Structures are given as C-alpha cells and as structure tokens.
Amino acid sequence: MSRLQDRRGTLIKGLSYLALLYAALGWGNERYFHWVQSPWFSHYSEFIVIGIFGVYRCCAEKNAYTRRRIAVLTTVVITFWFLLPTVLPTPEPSLGYFKNHATLGRSLHLPMTLTFFLALGLVLLFGRRVVCSWACPCVGIRDTVGNAFRTQTIRTRSAWRLRHLKWILGSFYFALFVLVLTPSAATRIVVDRFFGTVSVLYFVSLFLIPVTGNRNWCRWLCPYGHIFGLLNKIGFYSIKADRDRCTSCGRCDRECDMGIPVSSLVKAEGRVKATECVGCGRCVNACSLEILQVWDVRRQLGGQSFPKPR
Ligand code: SF4
Ligand code: SF4
Ligand code: SF4
Numbered sequence: 000m001s002r003l004q005d006r007r008g009t010l011i012k013g014l015s016y017l018a019l020l021y022a023a024l025g026w027g028n029e030r031y032f033h034w035v036q037s038p039w040f041s042h043y044s045e046f047i048v049i050g051i052f053g054v055y056r057c058c059a060e061k062n063a064y065t066r067r068r069i070a071v072l073t074t075v076v077i078t079f080w081f082l083l084p085t086v087l088p089t090p091e092p093s094l095g096y097f098k099n100h101a102t103l104g105r106s107l108h109l110p111m112t113l114t115f116f117l118a119l120g121l122v123l124l125f126g127r128r129v130v131c132s133w134a135c136p137c138v139g140i141r142d143t144v145g146n147a148f149r150t151q152t153i154r155t156r157s158a159w160r161l162r163h164l165k166w167i168l169g170s171f172y173f174a175l176f177v178l179v180l181t182p183s184a185a186t187r188i189v190v191d192r193f194f195g196t197v198s199v200l201y202f203v204s205l206f207l208i209p210v211t212g213n214r215n216w217c218r219w220l221c222p223y224g225h226i227f228g229l230l231n232k233i234g235f236y237s238i239k240a241d242r243d244r245c246t247s248c249g250r251c252d253r254e255c256d257m258g259i260p261v262s263s264l265v266k267a268e269g270r271v272k273a274t275e276c277v278g279c280g281r282c283v284n285a286c287s288l289e290i291l292q293v294w295d296v297r298r299q300l301g302g303q304s305f306p307k308p309r
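Start counting the sequence shown at 0; every next residue gets the next number (numbering that gives the first Met the number 0).
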C-alpha cells in the first residue's frame, strides 16, 4: 500500500471516529446532559453523519452489490427515521412507558411495532438481511461511518462465544411484554431502566467500534438480533457452499463483520446457516472460487434465485 493510501486511510479513520463521537455525544446531550440547545447536536446527529458517510461510501465502494445495499440502507434510514418523523410527527397512543423518551421514539412507536411483526415474516422468508443489512437504523451508522473499522473485527474464539451475550438483553425484552400488561409504578421503573440501559450500552458500543469492529452491537448485544437470528435458523435463508471445492483460504472469514467462522462452517456443514448471519453478501463476493451462494425462499421453492451479489 502506498504512503498516500496509508495517509488517506488514516484520515478516513480519524474523520469516522469524530463522526461516531459526534453522534454519541449528540445523543447524550439530548437525553442526559443538555449542554447545547441545538437540533444539530441532538438525537439527529446520528442521522446527519449517516447521510454524509452514506454518500461517501456509495462513491467509494467498488463492489456493485454492496454499493446498492449501502445506498438503500442510507435512504431507508434517513427517510423513515429522520425525514418523515421530522416533517410528519404523529401522535402515538401508548401506555405511558415512553413518556420521557425522545420525540422520534414516541412518534414512531406504533408504526414501528407493526413494522416489527411484518419484518419477522420477511426475515423468515428471506433471512435477517432484510432488516440487518438493508433497513436497520442501528446498522446505518455502522455500515457507513463504521466501515473504516471493519478490519478491526475481533475474530478470536472467545469473541465468537460472546455472541450468546445478546440472550441476556433479549430475554429481558421478552419479559417486558409481561410487564407492559401489568402496568404499575414499579413495572414502569423497570421498563424505563431497561430502555435506559440498552440506550447507554448502544452508544458506548459506538465509542468502541475502533477496537472491536463496526458490528459490535449486532454481534454481542442487540436484543432484536437473537429473534431475527432464530428466524434465520428455522427459515428459508442460508448460504450454501460446494464444500469439496473449498480450499480453506479464509478470505470469507476475513470479510465477515459478524465474525462468523464462515470457512469452518462451510467445511463442517456445507452451508452457513448461522443465527448471526446478516446476509451482507461480503463472504460470497470474497470467494474467488465462487462456491458460495445465497439461498432464500425464492430459490428453495425453485423460482428465481437471489441475484448474485456482485
Ligand atoms: S442485529 Fe440488531 S442492531 Fe444489528 S442490524 Fe440487526 S436489528 Fe439492527
Ligand atoms: S473464500 Fe471460498 S474457498 Fe476460501 S475458505 Fe471461503 S468458501 Fe472456502
Ligand atoms: S456469513 Fe457472509 S453474508 Fe453472513 S454476515 Fe458473514 S459475510 Fe455477511
């Protein structure tokens, strides 16, 4: 790598980290600290940097499939989580648990609940990539601003085992459904503390991206991740492989932001059907022997196959 490329890489990483800090501190300012009364340094800071880095990533990305994916992801996140709630704020009936939450959360809670159940059905048919690669606001910042730190993804055995941590927050999330049905002052405190803890962990994870890789939250903590992961496991989605041709070169492993040991799974099972697979298609693109293929309901039922992610 030339010195010029080195310098450019360092500059992009520096700017990316500043953008991550801006997003995290903007949220902290709005939620807890109230240092500055400005819409430009608030919950919306995150969407500003997603927009800027989303455009940059679309220009810089060489792979056409990934470029298309980032363009759609950025557009969906900015439109549905920033523009629409700003232009068309909607009153939302709630049980009062979300009274102190940000305007964005309040106004979108009802449509988001409906969207969530629609998303579950789509994940069952097409894999969790419909959310976790193309639409999730939390990965919007990680696949745009966080892209500079993809190479930092920790791929040790212990890091892979830590994926089970997300069951802790996931189990609490299920318990909340029971609490919401039995409203009281005590349950309200529990619900508020839970969402407070999730929010703080989420934004701390942004600070840690330069040492853990961009998908740290998705890999280890996201309470939705385990639900989508289970549907991934029982649904139609998988990455199939011609395992006899695999040379165990490890290129696919090094491309996976979720730290999945792709080549080991290919050798052991002839496919990747992991709860963690977010269907980004990076491993498929990385395999120079082209022995990996994305399968979903269309291909399983013998129809049109998923377009090759190139
Ligand atoms: S794992 Fe969670 S945070 Fe990550 S993309 Fe999926 S839903 Fe979003
Ligand atoms: S990149 Fe292809 S050949 Fe190399 S380990 Fe992965 S699946 Fe096997
Ligand atoms: S296994 Fe492949 S498609 Fe799945 S998350 Fe990893 S790189 Fe993306």
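All C-beta atoms, glycine included, are put in the ideal place defined by N, C-alpha and C.
Please read these numbers as outputs of a predicted model, since none were measured by experiment.
Asked: Check whether L264 and W219 have beta carbons under 8 Å apart; Found: no
Asked: heavy atom of ligand 1 below 7 Å from G224 C-beta; Found: yes
Asked: Separation of L10 from G25, as counted between CA atoms; Found: 22 Å
Asked: Helix, strand or coil at V177 according to DSSP, with G and I counted as helix; Found: helix
Asked: N-terminal and C-terminal residue of the alpha helix (DSSP H) that Q151 is part of; Found: Per DSSP, Q151 belongs to no alpha helix (DSSP H) and is neither H nor E.
Asked: Ligand 2 heavy atom lying under 7 Å from the CB of V261; Found: yes
Asked: Boundaries (first-last residue) of the alpha helix (DSSP H) holding I11; Found: 2 to 27
Asked: Proximal residues to Y55 (C-beta, below 8 Å), its chain only, five neighbours per side dropped; Found: T143
Asked: Heavy atom of ligand 3 within 7 Å of I290 beta-carbon; Found: no
Asked: Exposure label - W80; buried when at least 16 CB within 10 Å; Found: buried
Asked: Exposure label - L17; buried when at least 16 CB within 10 Å; Found: exposed
Asked: Distance cut-off 7 Å: V277 Cβ against heavy atoms of ligand 3; Found: yes
Asked: Beta-carbon proximity list for F227, same chain, < 7 Å, skipping 5 on both sides; Found: V122, R127, V130, C131
Asked: Ligand 2 heavy atom lying under 7 Å from the CB of A240; Found: yes
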